């Protein structure tokens, strides 16, 4: 079953392949049977959108599930089937769907005007809140995570007058030229672990630009040091998800981020944390606070804007001066849009408070523990991982620490089958076997019960227990 256009893991667990294939066929038939209206929407959508979707990350076989509405922890598709939402818009909706606090703030702002291309008080309030959370004094706004990472890399290059960027192999950091490199390379493409090949993620990226981005494996500081030495004096910055979030969840090893910080400082390169996925989900101050390592720039989007298209870049005073001087241009008509700022202000100051993060963490720990009990009960080749509002079941017999582990150890067929079971049991999950769940403040015990019931049905059937 093809899902997103990414490189599938090739690991194979001891679970019987014939059983997996049989159950996959059965669950796929059930999926088709339960989503006829989505099939009709898909047929229409293909006439006007490539693949029938607004973004290729929404592709799914046999078709995407088209959503009609959401409230709290629930969503309903166009067949009017109810799901508990553990997808939450790729990790955006930690506030829950149709959050009344955010809704009222946006409605009030609407009545005062929706766009001026001029600064408003909302942008000041949001920047002040982000300064408190991430301990970076200067902030600019964008409209997406891609714009945030793109602007950060422009700034690193402009401030250093250097061209090369380091990124992590297997990380997705947005869809612009500098980072559409080694996002999902195949095993045949990756090259030596000590010096990975830069591989364009699709066509449309000039090889000369691809070569300026040097991939490194996650959790391997010695290899990172070697790349810095090979390109001595040429590296403008390193962009990194402090915890990898697009091949399940891979946390940093003890001391890894600290060493990354040291190496960037030693070699005069800026450290950029891509916290688009972690920034408002895994703690009040994101991965920066959780892991206690201070970057030079933080890139944010997704959950900070409460379901609206907003992003932000935090930076040091020194880098703020570079932007202010216009040596590097950080511009955009919709940057700091009043509606987005109203949603962000309500999200950050009234909804996603420190108390909210305590609830998200405890709810996530409870769900992980219950899933691990099922894994142990049925002797599944899997384990749970999670941080804050985010968690997952990783279908690998041992812990993975980087992209190559993911490619060789994760059983994609088993993960796909689990995805089908959840969808067919009313659990809306991210369309991609390498993704994770995201909880919202609206998730309660009853919602966890439904998730666990679906997971146990899968575990029982796949093991023949």
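Numbering (our numbering), first residue to last: 127 to 591. C-beta atoms are modelled at their ideal positions from N, C-alpha and C, and glycine is treated no differently. All values derive from a computational prediction rather than experimental measurement.
Determine contact between the segment 241-260 and the segment 295-307, defined as no fewer than three beta-carbon pairs at a distance below 8 Å.
no
Kindly indicate which three-state DSSP category residue 280 falls into: helix, strand or coil?
helix
Please name the residue in 406, 419 and 423 whose C-alpha comes closest to that of residue 217.
Residue 217 has its Cα closest to that of 406, out of 406, 419 and 423.
Using 8 Å for Cβ pairs, my map puts residue 467 next to residue 246. What's the rounded Cβ distance?
6 Å
DSSP-derived helix/strand/coil call for residue 534
helix
Nonlocal neighbours in the same chain, by C-beta distance under 7 Å from residue 204, ignoring five residues either side
163, 164, 167, 192 and 194
Is residue 398 closer than 7 Å to residue 371 when the C-beta atoms are compared?
no
So residue 513 is in the beta strand (DSSP E); what residue range does that whole segment cover?
509-513
Just to confirm my understanding: we take residue 591, look at its own chain, exclude 5 residues before and 5 after, and list those with CB closer than 6 Å. What are they?
504
Please state whether the Cβ-Cβ distance between residue 555 and residue 213 is less than 7 Å.
yes
Could you tell me which uninterrupted alpha helix (DSSP H) segments, each at least 4 residues in length, are contained entirely in the segment 215-253, listed from first to last along the chain?
226-236
What residues in its chain sit with their C-beta under 7 Å from that of residue 470, if we drop five residues either side in the sequence?
Setting aside the 5 residues that flank it on each side, residue 470 is surrounded in the same chain by 252, 430, 431, 432 and 436, each with a C-beta closer than 7 Å to its C-beta; the list follows chain order.
Give the single residue among 443, 542, 570 and 404 whose Cα lies nearest to the Cα of residue 428.
404
Cβ-based burial, residue 378 [other Cβ within 10 Å; buried from 16]:
Residue 378 comes out buried.
Using CA coordinates, which residue listed in 506, 513, 474 and 486 is at the minimum distance from residue 588?
When each option's Cα is compared against that of residue 588, the closest is 506.
How many Å lie between residue 230 and residue 551 at the Cα?
33 Å
Exposure of residue 361, with buried meaning 16 or more beta-carbon neighbours within 10 Å
buried
Using only the alpha-carbon positions, how far apart do residue 479 and residue 447 sit?
31 Å
State the DSSP-derived secondary structure class of residue 342, mapped to helix, strand or coil.
DSSP places residue 342 in the strand class (E or B) of the three-state scheme.
Residue burial classification, residue 242 (beta-carbon count within 10 angstroms, cutoff 16):
exposed
Just to confirm, are residue 299 and residue 275 a CB contact at a threshold of 7 Å?
yes
So residue 90 and residue 472 are supposed to be a Cβ contact under 8 Å. How far apart are they, rounded?
Limits of the chain in this structure are 127 at one end and 591 at the other, which puts residue 90 out of reach.
Nearest residue (CA-CA) to residue 476, options 178, 143, 220 and 328
220
Endpoints, alpha helix (DSSP H) assigned at residue 382
Taken as a continuous stretch (DSSP letters only), the alpha helix (DSSP H) holding residue 382 covers 382-392.
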